[in-house]
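Structure record follows, encoded as C-alpha cells.
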Amino acid sequence: MKALKKIILVIILITNIPNSFCQLYIKNAFMYIADNYVFVKGNVNLDSGSNIYLRNESQLLQGTTSTSTNTGIGTLSVFQEGAASSYGKGNWCSPISTATALTVGNETFGIPLLNRPTTLTASTPATFTHDYTYNGTSNPLNIEPWFIWKYVNSNTYAPNAGGWQQITTNLTINTGEGFSMKGTAGIDNLKADGVVMNNYDGMHQRYDFRGKPNDGDIIIPIGNDKTTLTGNPYPSAIDLSLFLTNELNCTGVAYFWDSNEAVQSHQQVVSQGGYGTYSPVSRGGTGVYVPAPYFKYTLGGAQNGTSTGTGLACQRYFCPIGQGFMIIGKPAPSPITVTMKNAYRVFKKEGFANQSEFHKLASNSYPPNNNFIAETPSVAGFDYTTVSLLETPQIQFKSETNTDWVSNMTLAFDPSATDGVDHAMDAISFSSGNAVDVYFLLDNNKFSIDVINFDVNKRIPIGIKNNTQADFKIKIQNVINFYDADHVYIHDKDNDVYHEITTTDSYDFTMPPGDNKTRFEITFLNAPVLSTENIILSDFDVMQNNFTKNLTINNPKSISLKELSIYDLSGKLIFNKFKLGNEENYQFSTSSFSDAIYAVKITTEEGQIEGKKILVYNKEK
C-alpha cells in the first residue's frame, strides 16, 4: 500500500507545471510522465525496482553544474524512433548509460540497453544476432551488430586502425560519444504507445532506451583539426545552437549523416549518403542548414565520383533525444576537448515547426505564422521568444558538372560576421576530399557555408576542383530574405568577364584538370571597385585589453574612418560611433559590456569594411 501511495503521489505531482524537484529519489516505485517535462535541480537516485517512464515526448531536465552524481540501479525509459531502413545508417547518441550498483555518475552504453516496447511501460530486450544478410529485423527486434561503430578524435577512415571503431555488442561507448547503427527490415504493427506502430513502414524503428539518465558536464575529446561523432547525450532536447556557439574548441558547426534510402545495398561501393551541415550563424536566428550531398564511397572511405543527389532540409536549432552529429576541432593550439553541459538542455518536442528534427523526416510541416520561437523551458533560462524564425538572409548556389550534381554552397549574411573564418558561422566542407568540388575559399580551406557582412563591393573567392577536364555549371538555386543586391555575378578573373546568374541563368564553362583557387569569385558589381586610395584593411590593429577594459584600434596609415560598430553574436548593435577622423590610435571603454564575444566593424570613408571578433571578460582578475 505504501508503494501504491507513492506512485499516485508522483503522478499527481507531474500534472502541475512547473514540475520541479531539488533532488529526486524513487524507491520501489515509478514515475510516469506523459506529454510533459520534469526538472530536477540536483541528482536523481533510482533505487532497485524503480523506473521513470518518459512518454509522448516527455523529457527530464537536470540543473547540476558539474559532473553527474546520479545513482541507483533503477532505470529511466525513453522512446526514440529512427529514420533509416535496414540498409540506411543513422548516427545516434544515447541518453542513458548502464546502471551499476554503487557507481556514481554517468557510465558506458552499448546496444544491449536497447529494447522493443510492448506496452507503455513494458519492453522486451532487443537481440543482436548477426545474420548472413546483414539485415536487422523489426519484429522480433534484432539489431545487426556488425554496423555498430563509433568515431572519436580522428581524421582518417581506417576501420579499427585509428578511424572508425567497431563496437558490435560491447558496452564501450562512453557518455557523449555517438555511434552509427542501421535500421531494421519489416513492419512491427504493435502500437506500444497506443497511437503509432513500432515500425509502420520499415524505416522508423522505435527503440526503448533503458538505463541510468545521463547528466552533468560531459567531456568530449576533439583533437586539433580532428573529427568526433558525438550528439545529444541527455534524456531531453538540447539547444544545439548554444552548444556550438559556446564551445570554442570546435569550429562551431555540426554535421548530420543522411542516407539515400532509394539505394538498398550494404556494399559500401554501392550505397550512398553524406553529411548535411548546420551553422548557428547568430543567437538571434535559427541558423543555416545545407542538406547532405549523396556520394558513393570507395572501400577506403573516399568519396567516389560526383554527388548523386541531395538529402532533405531539416531544422537543427534544437537537437532531439538520441540524435548524433559530427564536430571538428579547431586548429592548434586550441585545447582538445569540448564540454556538453546541462545548461544546454531544454524541453522541446520534435518537429519541423519546433526547429528540432531527428535524422530526417519524409515530409515537413512549416513553422506557424509568427516571427519568433515560442516560450521554451530551459535550464539556462534563455528567452527564446527573442529568436527570430525568419530564415537567415542567404543565397544558395548549386554546381553541376556535365550531367552530375556536384555541390551546394550557401552565402549567408550577418552584420557581426567578418571576412575571415568566424566561429559558429563559416562551415568547412565535409566533402573536401572529393575529386570534383566547387567551394568557398577561406584561409586556403574549402567551405560550404560562408557568412559575411554584406557590402556591395565585396568579392567572394570560390574554388573549382576536378580530376579530369569537365564542363561546369554554377547557378543560384534560391535566395532567402536577401534584398540588398540587385545582381550576382561570377567573375572569371583570367578573362576579366562578369557572368550574371541573378535570375535563372547559369554560368557554363569548361575547366582543365586541377584545383583552381584563383580564377573565380562571386561579386555584386560587374566592374572593378574604384577607390581613390590603395587601402589595405589588414593594416588596422584591433585589440581588446580586458585588464584595462578598453578596446584599442591602431590606424597607422591614418585612413579616414567613417564609422565604428560593435555587435553581439545575435547581431544586436551594442556600440556605434560616427565621424572618427583619421587618428592613428583610438580607445573605447568596454567596462559596461557583458562577458561575451563581440564583432567589431570598421567602415572607412571610402565605404570599405574590416571586421574582427573580440572577447570581453570583465570579471575581476
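Everything in the sequence shown is counted per my numbering, starting at 26 for the first residue and increasing by one. Even for Gly, the Cβ is constructed at its ideal location relative to N, Cα and C. Computed from a predicted model, the values in this text were never measured in an experiment.
Presumed contact (8 Å Cβ cut-off) between residue i and residue j, rounded CB distance
i, j, result
"Pro651", "Thr194", "There is simply no residue 651 to check, as the chain begins at 26 and stops at 646 in what is shown."
"Ala262", "Gln84", "6 Å"
"Asn367", "Gly241", "6 Å"
"Ala449", "Thr629", "In fact, because the Cβ distance is near 27 Å, the residues do not count as touching under 8 Å."
"Gly227", "Gly211", "6 Å"
"Leu215", "Thr143", "7 Å"
"Asn478", "Pro440", "5 Å"
"Met351", "Tyr280", "4 Å"
"Tyr314", "Tyr322", "Actually they are not in contact, since the Cβ atoms of Tyr314 and Tyr322 sit about 23 Å apart, beyond 8 Å."
"Leu79", "Pro260", "6 Å"
"Gly326", "Cys118", "The pair is not a contact, with the Cβ atoms about 21 Å apart (cut-off 8 Å)."
"Ile243", "Asn131", "7 Å"
Spatial distance of residue i from residue j (CA atoms)
i, j, result
"Val294", "Arg341", "29 Å"
"Ser91", "Asn160", "41 Å"
"Glu375", "Pro345", "6 Å"
"Gln683", "Gly596", "Residue 683 lies beyond the residue range present for the chain, which begins at 26 and ends at 646; the question has no answer from this structure."
"Ile39", "Thr252", "Note that Ile39 scores a pLDDT of 44, beneath 50, so its modelled location is shaky; the value from the coordinates is reported in the next line. Approximately 40 Å between the Cα atoms of the pair."
"Gly248", "Gly188", "13 Å"
"Asn61", "Ile77", "13 Å"
"Lys574", "Ile639", "12 Å"
"Tyr182", "Asn551", "44 Å"
"Val625", "Ser590", "6 Å"
"Ser454", "Gly347", "25 Å"
"Ala317", "Leu49", "41 Å"
"Phe53", "Phe572", "At residue 53 the sequence reads Asn, which differs from the Phe that was named. Near 56 Å, if we compare the C-alpha coordinates of Phe572 and Asn53."
"Asp511", "Thr335", "29 Å"
"Arg141", "Val363", "33 Å"
"Leu34", "Ile58", "Because Leu34 sits at a pLDDT of 40, beneath the cut-off of 50, its placement in the model cannot be relied upon, and the point is left open."
"Asp66", "Thr311", "It is Lys, not Asp, that sits at residue 66 in the sequence shown. Cα to Cα, Lys66 sits roughly 28 Å from Thr311."
"Val476", "Ser284", "27 Å"
"Ile168", "Pro150", "11 Å"
"Ile499", "Ala338", "20 Å"
"Ala186", "Gly298", "23 Å"
"Val278", "Ala621", "19 Å"
"Ala147", "Phe497", "57 Å"
"Asp540", "Val461", "9 Å"
"His229", "Tyr369", "27 Å"
"Ile198", "Thr152", "18 Å"
"Tyr300", "Gly115", "11 Å"
"Ser290", "Asn164", "21 Å"
"Asn396", "Leu415", "6 Å"
Given residue i as reference, the closest of the options once Cα atoms are compared
i, options, result
"Glu400", "Gln419, Phe372 and Glu425", "Phe372"
"Lys423", "Ser163, Val641, Ser531 and Phe572", "Ser531"
"Ile51", "Val69, Thr527, Ile526 and Phe497", "Val69"
"Ala124", "Asn239, Pro150 and Leu215", "Asn239"
"Leu324", "Gly336, Ser296 and Thr311", "Ser296"
"Gly74", "Lys66, Glu82, Gly67 and Gly97", "Gly97"
"Ala287", "Gly256, Ser110 and Asn492", "Ser110"
"Arg231", "Val278, Asn81, Ser619 and Thr335", "Asn81"
"Asn580", "Tyr592, Leu594 and Gly606", "Gly606"
"Glu631", "Lys604, Val103 and Asn185", "Lys604"
"Phe268", "Pro305, Lys500 and Gly301", "Pro305"
"Gln569", "Lys637, Val522 and Ile547", "Lys637"
"Thr209", "Val221, Phe172 and Gly67", "Phe172"
"Phe55", "Phe46, Leu101, Gly67 and Gly88", "Leu101"
"Gln494", "Lys237, Asp620 and Pro537", "Pro537"
"Ile627", "Phe618, Asn643, Val641 and Phe565", "Phe565"
"Ile547", "Gly539, Asp521, Asp540 and Thr154", "Asp521"
"Phe618", "Thr333, Lys237 and Tyr592", "Tyr592"
"Asn482", "Thr94, Ala452, Asn541 and Tyr514", "Tyr514"
"Glu272", "Ile361, Leu86, Leu196 and Glu588", "Ile361"
"Ile505", "Ile526, Arg544, Thr435 and Val177", "Thr435"
"Pro486", "Val220, Arg544 and Asn492", "Arg544"
Buried versus exposed, by CB contacts within 10 Å (16 or more), residue i
i, result
"Val463", "buried"
"Asn223", "buried"
"Met206", "buried"
"Ala490", "Sequence check: residue 490 is Lys here, not Ala. Buried, because 16 or more other Cβ atoms sit within 10 Å of the Cβ of Lys490."
"Lys175", "buried"
"Asp442", "According to the sequence provided, residue 442 is Ala. The question's Asp does not apply to it. With 16 or more other Cβ atoms within 10 Å, it is buried."
"His155", "exposed"
"Glu558", "Its pLDDT being 40, under 50, Glu558 is placed unreliably in this model, and the coordinates cannot settle the point."
"Tyr623", "buried"
"Gln633", "buried"
Min CB distance residue i to chain B below 8 Å
i, result
"His291", "Annotation note: the requested chain B is absent from the structure, which comprises a single protein chain."
Inset, instruction - Just list the alpha helix (DSSP H) runs in the segment 394-467, keeping only unbroken ones of 4 residues or longer that don't cross its boundaries, in chain order. - result: DSSP runs (the alpha helix (DSSP H)) wholly in the segment 394-467: none.
Inset, instruction - Starting from the N-terminal side, write out each stretch of the beta strand (DSSP E) that is 3 residues or longer and does not extend beyond the segment 258-338. - result: Whole beta strand (DSSP E) segments, 3+ residues: 262-264, 279-284, 298-304, 313-315, 318-322 and 328-335.
Legend entry - beta strand (DSSP E) segments (min. 3 residues) lying fully within the segment 129-160: Within the segment 129-160, the runs of beta strand (DSSP E) at least 3 residues long that lie entirely inside it are, in chain order, 139-142 and 148-150.
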